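Worksheet: the structure to be examined is printed underneath.
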Amino acid sequence: MCGIVGIYSTDERLSSRILYYALFSLQHRGQESAGIATISKDHVHLHKGMGLVSQVFNEEILGRMSGEYAIGHVRYSTTGESRLENAQPLLVKSKAGNIAVAHNGNLVNYWELRKQLENEGRVFLTDSDTEVIAQLFSLNLLEYDLHDSLRLLNNQLSGSFSFTMLFNDVLIGYRDPLGFKPLCVGVSDYGYVIASESCAIDSTGSTFLRDVEPGTAVI
């Protein structure tokens, strides 16, 4: 079990701070590592570390992480060892653009997909199934647009999972077709929140809007 969050804020100076409080409220979902990624003018700011949210982040770090779009993660490891390389969000830089993923759950076809990607020349830097999601999506984007790439990803992945993702200047939230892993959306004066639990929405002063339907994405 992990905790994931996605934020869109009209004030790029606030997104990382809003996300910090959302992650803090999800700390019960994972205590091994924490991380935040923001994007501003096609540049991704990423900071992650081992430990609790309050141990990984401080005001100085958050102040450097500007951007209207942000995702965050607290980890309880399942696939992949508990080490910094596997901490999330995970960032993949590709021809299609920058892709950062915060993922909750497990892919049952992880090894099959990883072997397929490695046979195609893809190099993996972690032993986390989250990297398979990012690598597959980046590959899809070389042939298809954003929406068709997500539809294809929906058919490629098998398991119990949800994720938030940054792709260039787009924030994406996705929930698996069977809806095993929770994901919900909230709205506020500053923008939108996507999170594993509604307590994260409440902690940011936002209003719960709805659960993300199984097998669908919010963009």
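Those letters in the sequence shown? Residues -8 to 210, by the working numbering. Note that CB positions come from ideal geometry on N, CA and C, so glycine has one too. On a predicted model such as this, the values are computed, not experimentally measured, just so you know.
- Membership of N89 in the beta strand (DSSP E) is indicated by the continuous run G88 to L98.
- Each of D202, I210 and I185 was checked against the Cα of L17, and the nearest Cα belongs to I185.
- By the C-beta density criterion, K39 is buried, having at least 16 other C-beta atoms within 10 angstroms.
- In the three-state DSSP reduction, K84 falls in the strand class (E or B).
- In this structure, A78 sits away from G(-3), with a CB-CB distance that is not shorter than 9 Å.
- F199 and H64 have their C-alpha atoms roughly 20 Å apart.
- Between L174 and G164, the beta carbon gap of about 6 Å places them in contact (Cβ cut-off 8 Å).
- A distance below 9 Å separates the beta carbons of S197 and Y183.
- In this structure, the straight-line span from the alpha carbon of E103 to that of S149 is close to 11 Å.
- Boundaries of the alpha helix (DSSP H) harbouring F128: D120 to L132, taken from the DSSP string.
- Partner residues in the beta bridge of V161, as assigned by DSSP, are F158.
- According to the DSSP assignment, A61 belongs to the beta strand (DSSP E) that extends over Y60 to R66.
- When the beta-carbon positions are compared, S129 and S85 come within less than 9 Å of each other.
- When DSSP states are grouped into helix, strand and coil, F15 belongs to the helix group.
- With contacts defined by Cβ atoms closer than 9 Å, V209 and V176 form a contacting pair.
- Residue state for D33 is assigned as coil, using DSSP reduced to three classes.
- A78 sits in coil when the DSSP states are folded into three classes, being neither helix nor strand.
- Annotated three-state conformation of K39 is strand, per DSSP.
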